[in-house]
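Quick note, the sequences are listed as chains A and B, same order. When the letters of the first sequence are read in order and numbered with full-length UniProt numbering, they come out as residues 1 to 530. When the letters of the second sequence are read in order and numbered with full-length UniProt numbering, they come out as residues 1 to 307. Since the structure comes first, as structure tokens, the remarks are kept for the end.
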Amino acid sequence: MTALTGTGPLVRLALRRERAIAPWWILLIVALGLAMVAYVNRNMGTDELKLTYIDIIRSNAFLQGLGGASVEPRLDVLATWRSGGFLYVASAFAAVMSVVRHTRREEDAGRSELVRSAVVSRQAQLTAAVLVAAGISLTAGLCTAVALIGAGLQPLGSFAYGAAVAAAGWVFAGLAAVAAQAARNARSATAIGLAALAAGHVMRYVADASGQQWPKYLSPIGWGHLVRPYQDERWWMLGVSIAAGAVLLAVAYRLLARRDLGAGLFPERLGRARAPELRGPISLAWRLHRSLLAKWAAGVAFFAAAAAGLSPLARDLLSRPSLVVDNIRSLLGMSGTLGAYSWYLILILAYAVALYPVLMILRLRAEETSGRAEAVQATPMTRLRWAAGHLVVTGLGTAALMAVAGLVFGTLYSLLAGDLTTDLPRFFAGALATVPAAWCVGAVCVLAYGLLPRACAAVSWTAWALTAALGQVAGPLYGQWGGSPLEPFHYVPNVFTATPADILPIAALLAVTAALLGGGLLCLRHRDFH
Amino acid sequence: MSDAISVTGLVKAFGGTRALDGLDLVVGTGEVHGFLGPNGAGKSTTIRVLLGMLRADAGTARLLGGDPWADATELHRRLAYVPGDVTLWPHLSGGEVIDLLGRLRGGLDEGRRAELLERFDLDPRKKCRTYSKGNRQKVALIAALASDAELLILDEPTSGLDPLMEEVFRETVREGRRGGHRTVLLSSHILAEVETLCDRVTIIKDGRTVESGTLAGLRHLTRTSIQADLAAPPRGLADLPGVHGLRAEGERVWFDVDTDAMDTVLRRLTEAGVRGLISRPPTLEELFLRHYDRTGASGGRHVGAAR
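Pasting the structure below:
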């Protein structure tokens, strides 16, 4: 009888459950790696362009932070410079989610009790989870390396890059293993893991942006960048990651050996004894979803601040020839002003915020499938009022997020490169003008939810992904499909520029949104509730 | 005969609350043991300690001759468990889960698996998320019963099952007993189930054992209800020791009597002349209610001799 007893079948169980999740992560990582090679080839075909690009990077701290400070005018280095910041984080993110999914979430769901009553050692679930998470990271790293070699990059550097991607997953698998033991429940374990990931990323970013190297050595995400693939391949940095992951894992096993099933190091906090303000569908929806909105608001504020931070650079950039900037400018029909750049960033934020109503509709569906909605609707609250409560919070939440984006971006931009009295109202109005388009994306999801509840998740994700892909952000980057009339943001009037805004497209978007919402709610009212 | 489970003075605290407060439990090998108690009495906590998922703060617990915490994995080879609230992986089918749990326990009897699926009328191809509570319960029951475990730990195993399926469950447990080597610890609220299946019961409250023994032995401790039609109005009945809750309407009386006072009381009744007599032994339910209602748990009473 060993500590490994039962690990084999549990690994198979975890793989069986990962079969619908892990391939997407691997695909995302490999695709991002390849996309950046294509991007550099397309936009920086000549050495001259590459040198210009490097100059731009070196002259701005924010860009320097984006992909790491050490960049050379070569295809492989530039491509990994662009993708590295994403790939290490994506690999770590997948590992955190996977480890928590197969350890603490199983405990919270009560399934661990059933599993551990069998001939399964206390360590087996954790071992299986870490093995599977590490396996996914390793596969992602290996596939990336092979894909990059296939794309014509040098093999040694490609393997170093793939190994660094895998190593980031390994460290964070170890970290998530500790978090799963220490946290109160699966949700806080995920939060601890992702907070550590965010902290690691910020430390690495700050180190590269400021030129101070030491925070980079403290950040597990920094260790990936420090491997320096295609430059001098510092393999020993991989050893640091592997050792750190192993130490974390050892700590996790120690904690596991002394804790009760379902208990963490911190006791569960008590909630309130009464809920005087929980009266109707809106207050219920607000209570259920306010923490998600708060997290989104923090994220939006962070990216709006980063966008504003880039604006001094944009001013310099506009005097130089650049394929990307020219593309954007011509597509948005603007002269070479900072306005085009800022409007472009507002649109990026708007496309991201359009995901919020999508997630909220998916939560609505989850309320239904979990049976929680059934309990609520067994009261005099009608199905329509229940759904309307969620939709009100969703709609106002979406508007609030764009308001935050406009306020933060506008204020910081004014302080860095503009004027508070004229720029802030412009940014605010510009941001709010995108709200009807974001609502429209959400309304498509509502229709899907009412009409095809089982396909709701698939349709919703597709609706958002198509909107973003066909839209004005991805289009100019790749010089194709830009501004397709098939997506709602195409019709968003540019209130941002001085020209008087056309109200008609906004009214039309609102009408379409209302029609979709009405149709969705009508279907919801007449269909079976599962 | 050695004991399959022996627990003495078990204490488990969660923060400030003592879920178990000196609990005792003895289950002999081969017996079916009923484990009763109100919600929150500590039944599931005890079971989790026995399964090595919680570590006791004080007291001793022995399971199949081993230590439930230290030897958990080794012991689990010899037992099967059905939780009270079965949650399964929503995307796996019932058949997949049964195979998985069977494999984790070290294999299951294929013939028995097929037979149980048939008897419990479960479609193993359906995804777990489409199962009702009763059907999820069946999945866990089939996985446990198809194993050749010498100890079954069942935490309210029939909650959610329809009466027909309850009967199937009882039959399978009885059949398992006939072999004489299988021990069952059955935590339940369904007293009829406990009465028909169990050799002995333990009643706990507030983390302590309040009664333990055979059903017959426990009945000795309680009162018999009597209704009698007498020839003449009764006299002096209320003064007899062991008579409780006397109520009289003309010549008819109702009262409860302690088992050891039965002789004296009946003699007094026949003196008055008995025209009709209905006597009802205490049901497990009454036993149960008496202890549930009792405020301030006693230190635990045992009818050890009854075994």
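From the three backbone atoms N, C-alpha and C, an ideal C-beta is built for every residue, glycine too. In this text, all values refer to a predicted model and were calculated from it rather than measured experimentally.
Please state if the CB of residue j and the CB of residue i are separated by a distance shorter than 8 Å.
i             : j             : result
residue 260/A : residue 53/B  : yes
residue 244/A : residue 174/A : yes
residue 122/B : residue 139/B : yes
residue 537/A : residue 242/A : Since the first residue shown for chain A is 1 and the last is 530, residue 537/A is missing from the structure and cannot be characterised.
residue 153/B : residue 51/B  : yes
residue 106/B : residue 77/B  : yes
residue 104/A : residue 183/A : yes
residue 197/A : residue 302/A : no
residue 518/A : residue 451/A : no
residue 353/A : residue 430/A : no
residue 9/A   : residue 103/B : yes
residue 30/B  : residue 181/B : yes
residue 308/A : residue 409/A : yes
residue 36/A  : residue 74/A  : no
residue 442/A : residue 293/A : no
residue 524/A : residue 387/A : yes
residue 145/A : residue 162/A : yes
residue 165/A : residue 29/A  : yes
residue 72/B  : residue 122/A : yes
residue 129/B : residue 222/B : no
residue 285/A : residue 393/A : yes
Would you list the residues sitting across from residue i in a DSSP beta bridge?
i             : result
residue 255/B : 226/B
residue 289/A : According to DSSP, residue 289/A bridges with nothing at all.
residue 26/B  : 6/B
residue 195/B : DSSP lists no partner for residue 195/B.
residue 58/A  : Per DSSP, none; premise fails for residue 58/A.
residue 35/B  : 187/B and 202/B
residue 18/B  : 13/B
residue 58/B  : 11/B
residue 103/A : Bridge partners of residue 103/A: none, in fact.
residue 243/B : 257/B
residue 209/B : 204/B
residue 280/B : 225/B
residue 214/B : 200/B
residue 63/B  : 5/B and 66/B
residue 127/B : 93/B
residue 249/B : 252/B
For the putative contact between residue i and residue j, defined by C-beta atoms under 8 Å, what is the C-beta separation to the nearest angstrom?
i             : j             : result
residue 184/B : residue 173/B : 6 Å
residue 110/A : residue 83/B  : 7 Å
residue 59/B  : residue 10/B  : 4 Å
residue 188/B : residue 156/B : 6 Å
residue 204/B : residue 37/B  : 4 Å
residue 98/A  : residue 133/A : 4 Å
residue 516/A : residue 434/A : The Cβ separation is near 17 Å, so there is no contact.
residue 207/B : residue 19/B  : 6 Å
residue 509/A : residue 491/A : 6 Å
residue 136/A : residue 25/A  : 7 Å
Using CA coordinates, which residue listed in the options is at the minimum distance from residue i?
i             : options                       : result
residue 359/A : 308/A, 428/A, 463/A and 257/A : 463/A
residue 225/A : 104/A, 160/A and 173/A        : 160/A
residue 527/A : 454/A, 51/A and 266/A         : 454/A
residue 342/A : 304/A, 362/A, 517/A and 370/A : 304/A
residue 146/B : 128/B, 79/B and 252/B         : 79/B
residue 24/B  : 202/B, 90/B and 63/B          : 202/B
residue 269/B : 285/B, 208/B, 178/B and 238/B : 238/B
residue 439/A : 426/A, 350/A, 306/A and 409/A : 350/A
residue 245/B : 225/B, 260/B, 233/B and 259/B : 225/B
residue 102/A : 181/A, 461/A, 467/A and 280/A : 181/A
residue 131/B : 88/B, 73/B and 190/B          : 88/B
residue 158/A : 422/A, 382/A, 79/A and 270/A  : 79/A
residue 85/A  : 215/A, 68/A and 272/A         : 68/A
residue 133/B : 379/A, 370/A, 405/A and 249/A : 370/A
residue 81/B  : 95/A, 119/A, 107/A and 417/A  : 119/A
For the ligand COA, is there any heavy atom lying closer than 7 Å to the beta carbon of residue i?
i             : result
residue 178/B : Absence of the ligand COA is noted for the structure shown, with no ligands found whatsoever.
Residue i versus chain D: which residues are under 9 Å apart at the beta carbon?
i             : result
residue 157/B : Structure shown: chain D not included; protein chains present are A and B.
What are the start and end residues of each continuous alpha helix (DSSP H) run of 4 or more residues lying completely inside the stretch 479–528 of chain A, in chain order?
503–526
Secondary structure, alpha helix (DSSP H): runs of 4+ residues fully inside the stretch 422–481 of chain A
As far as the stretch 422–481 of chain A is concerned, its whole alpha helix (DSSP H) runs of at least 4 residues are 435–451, 456–470 and 474–478.
At 4 residues or longer, and completely inside the stretch 181–237 of chain A: list those alpha helix (DSSP H) runs for me, N to C.
186–210, 214–218 and 220–226
At what residue ranges does the stretch 131–155 of chain B contain a whole run of the alpha helix (DSSP H), taking only runs of 4 or more?
133–145
Could you pull out every unbroken alpha helix (DSSP H) segment of at least 4 residues lying fully inside the stretch 68–110 of chain B, listed in chain order?
72–76 and 94–104
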